[in-house]
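Worksheet for the structure shown next.
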Amino acid sequence: GESVGLHLPTLSVQEGDNSIINCAYSNSASDYFIWYKQESGKGPQFIIDIRSNMDKRQGQRVTVLLNKTVKHLSLQIAATQPGDSAVYFCAENPRAGGTSYGKLTFGQGTILTVHP
Amino acid sequence: GAVVSQHPSWVICKSGTSVKIECRSLDFQATTMFWYRQFPKQSLMLMATSNEGSKATYEQGVEKDKFLINHASLTLSTLTVTSAHPEDSSFYICSASSARGHQPQHFGDGTRLSIL
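Protein sequences appear in the order of chains A and B.
FYI, in our numbering the residues of the first sequence are 52 to 167.
FYI, in our numbering the residues of the second sequence are 5 to 120.
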């Protein structure tokens, strides 16, 4: 089946730098995307989402960019802090009408390490 | 808002034991709940989708007689791992959504299951 993948499994940055985490998806039927943060021993925490009719969405210190042409999703974290250290997953949700509607497919994850 | 509670957080038991994991939505009604399994340093794999009052839908390769799911109310779903063996040891995570599709799933903090 189609899957969501990530380019980089690990990312190390200095505190205060901006971080960019990338995700490539292959299911052209997906029209809703979510970024989650997972800290060690915990469940994923919702960060930000975006629908396919948008190219960009901003939250507090985070921005998600969606490029449907190349099926690419990115999460930008501004002024990265040590508390941002975690595993970040992108997830895709197929559009309505199919049997997979409502089910999330997760990417492999990127480990973000922020050095003080 | 959108808090999902999962219990227990950690279970250690002998091979052959059945283990029940509870997933509760504390401040919203979850029409759909999902159960995932996660191995160390890997992504989340969907096991089954649970809708209140109906039978769960299992993903390919997941044994429904091994992983019993009950979704008796809009705030509670349970996963029972029957006759657990060491290969069932994993991190089990539930999520809940108030609507299927373009709504983020909210996750519990997972259950670490260790079968001796």
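Ideal placement from N, C-alpha and C gives every residue a C-beta, glycine not left out.
Between residue i and chain A, is there a C-beta pair that is closer than 8 Å?
| i | result |
| --- | --- |
| Leu50(B) | yes |
| Ser118(B) | no |
| His110(B) | yes |
Kindly indicate if chain B contains any beta-carbon less than 8 Å away from that of residue i.
| i | result |
| --- | --- |
| Pro133(A) | no |
| Phe157(A) | yes |
| Arg102(A) | yes |
| Gly110(A) | no |
| His58(A) | Its pLDDT being 46, under 50, His58(A) is placed unreliably by the model, and nothing is read from it. |
Check the C-beta distance from residue i over to residue j and give it rounded, since I have them as a contact under 8 Å.
| i | j | result |
| --- | --- | --- |
| Ser19(B) | His89(B) | 5 Å |
| Val113(A) | Gln127(A) | 7 Å |
| Leu80(B) | Ile73(B) | Not a contact, Cβ separation roughly 11 Å. |
| His71(A) | Trp86(A) | Inspection of the sequence shows that residue 71(A) is occupied by Ile rather than by His. Rounded, the Cβ-Cβ distance is 12 Å, inconsistent with contact. |
If you compare alpha carbons, which of the options is closest to residue i?
| i | options | result |
| --- | --- | --- |
| Leu117(A) | Ser81(A), Gly110(A), Ser103(A) and Asp68(A) | Ser103(A) |
| Asn168(A) | Pro133(A), Ile72(A) and Lys154(A) | Here chain A has residues from 52 to 167 only, and residue 168(A) is not among them. |
| Leu62(A) | Pro145(A), Tyr139(A) and Val113(A) | Tyr139(A) |
| Gln111(A) | Lys93(A), Gly160(A) and Ala130(A) | Ala130(A) |
| Gln96(A) | Thr115(B), Leu120(B) and Phe111(B) | Phe111(B) |
| Gly134(A) | Gly92(A), Tyr76(A) and Leu163(A) | Leu163(A) |
Report whether the distance from the Cβ of residue i to the nearest heavy atom of the ligand FAD is below 7 Å.
| i | result |
| --- | --- |
| Phe71(B) | In the structure shown, the ligand FAD is absent, as is every other ligand, since no ligand is present at all. |
What are the residues that DSSP puts in a beta bridge with residue i?
| i | result |
| --- | --- |
| Met49(B) | Arg41(B) |
| Leu72(B) | Thr84(B) |
| Ser54(B) | Met37(B) |
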